[in-house]
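Enquirer: Numbering (full-length UniProt numbering), first residue to last: 1 to 290.
Cβ atoms here follow ideal geometry from the backbone N, Cα and C, with glycine treated the same way.
My questions will all concern the structure given below.
The following block contains the structure:
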């Protein structure tokens, strides 16, 4: 029995109405699906991606459902500081403020740390692309989010949140993916590192950590390491993003989707071992009022 059903995850979705949400990596996967879900809940969305075709498709989907005044977009390479500055500026200029930020853009492992092909008699440096996108890009987005929150001149800015896209690799690493695993572990380090500042400033800092989910990062020949565990449902992942941002009783912590069984809320790291031997993070049971 999952700690939170999808319905419980959406219980506070009305808090997103008229909020402005900036999402990187919005051209596919979690970025696209959260953009559509947030717009359905009445939010305005600021979308960035290097995949301009996918980005345009996401914007078209939002506009088709809610009109042209709900979404704006721009090319955004998250490793380029100026691209990110421009995306935030676009959101601020268009909608007046940035309320919620999802540093979501990410890629899978590029190259192998152990691959020395072509190095000859001298070692060559590893390909750092994954780290640059999945960690440095996230740090850029986080810095800009905190800056814009601080500059918000509204008397009551209300819901301000940075919602990170982690994974189970945040806790367990990634086999044959040291750069990816290090980047996702770094997400937890970022959240813990900004915790005091966020608490003092009334900012939410939360993390959503899904396991294997069918997204653009998943190749057609992917084989699940534990088939009995099953792929995560995209609907559960999106629901986890919504509840992590909107639940008024939990400003920090992680929401995990370890399998097809639903969403779990975790306040501290740890693990449970399920009947199938799958590692399952310790999660608190949903409170009665949810």
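Taking all protein chains shown into account, decide if residue 104 is buried (16 or more other Cβ within 10 angstroms of its Cβ) or exposed.
Expert: Residue 104 should be labelled buried.
Enquirer: What is the rounded straight-line gap between the Cα of residue 313 and the Cα of residue 256?
Expert: No answer is possible for residue 313: the residues shown for the chain start at 1 and end at 290.
Enquirer: Does DSSP put residue 72 in a helix, a strand or coil?
Expert: Strand at residue 72.
Enquirer: Would you check if there are 3 or more beta carbon pairs closer than 8 Å linking the stretch 40-58 to the stretch 66-80?
Expert: Contact holds: three or more Cβ-Cβ distances are below 8 Å.
Enquirer: Report the CB separation of residue 232 from residue 166 in whole angstroms; it is logged as a contact under 8 Å.
Expert: Not quite, the Cβ-Cβ distance comes to about 13 Å (not below 8 Å), so this is no contact.
Enquirer: Given 8 Å as the limit, is there contact between the stretch 175-189 and the stretch 134-142, that is, 3 or more CB pairs closer than that?
Expert: Touching, yes.
Enquirer: Sort 7, 140, 3 and 12 by Cα distance to residue 249 and report the nearest one.
Expert: Residue 249 has its Cα closest to that of 12, out of 7, 140, 3 and 12.
Enquirer: Would the stretch 233-243 and the stretch 50-64 be scored as touching if the rule is three or more Cβ pairs under 8 Å?
Expert: In short, these stretches do not touch, since the Cβ pair count stays below three.
Enquirer: Under 8 Å between the Cβ atoms of residue 4 and residue 243?
Expert: Result yes, Cβ atoms of residue 4 and residue 243 sit closer than 8 Å.
Enquirer: Counting only C-beta atoms, is residue 37 closer than 8 Å to chain B at any point?
Expert: Looking for chain B here will not work: only one protein chain is present.
Enquirer: Leaving out five residues on either side along the sequence, give the residues of the same chain with a beta carbon under 6 Å from the beta carbon of residue 145.
Expert: Around residue 145: 101 and 162.
Enquirer: Quick check on the DSSP output: the beta strand (DSSP E) that includes residue 236 runs from which residue to which?
Expert: Counting along the chain, residue 236 falls outside any beta strand (DSSP E), though it belongs to the alpha helix (DSSP H) covering 234-246.
Enquirer: How would you write the range of the beta strand (DSSP E) that residue 264 sits in, first residue to last?
Expert: Run containing residue 264: 264-266, per the beta strand (DSSP E) assignment.
Enquirer: If you draw a straight line from the C-alpha of residue 36 to the C-alpha of residue 86, how long is it?
Expert: When rounded, the distance between both Cα atoms is 22 Å.
Enquirer: Given residue 220, which residues of its chain have a CB within under 8 Å of its CB, disregarding the five upstream and five downstream residues?
Expert: In this predicted model, residue 220 has a pLDDT of only 46, less than 50, meaning its place in the structure is not dependable enough to derive any value.
Enquirer: For a quick check, are the C-beta atoms of residue 20 and residue 97 less than 8 Å apart?
Expert: Contact: yes.
Enquirer: Residue 44 lies in the beta strand (DSSP E); which residues open and close that run?
Expert: Element bounds for residue 44: 44-49.
Enquirer: What's the gap between the Cα of residue 247 and the Cα of residue 16?
Expert: About 11 Å.
Enquirer: What does DSSP give as the partner residue(s) for residue 101 in the beta ladder?
Expert: The partner list for residue 101 (beta bridge, DSSP) reads 22 and 162.
Enquirer: Applying the 10 Å Cβ sphere with the 16-neighbour rule, what's the burial state of residue 169?
Expert: By the 10 Å Cβ count, residue 169 comes out buried.
Enquirer: Could you work out which residue in 108, 45 and 176 is closest to residue 99 when comparing CA atoms only?
Expert: Here the closest residue by C-alpha is 45.
Enquirer: Sort 266, 198 and 143 by Cα distance to residue 82 and report the nearest one.
Expert: Among 266, 198 and 143, the Cα nearest to that of residue 82 is on 143.
Enquirer: Please state the DSSP three-state secondary structure of residue 52.
Expert: In the structure shown, residue 52 sits in a helix (DSSP, three-state: H, G or I).
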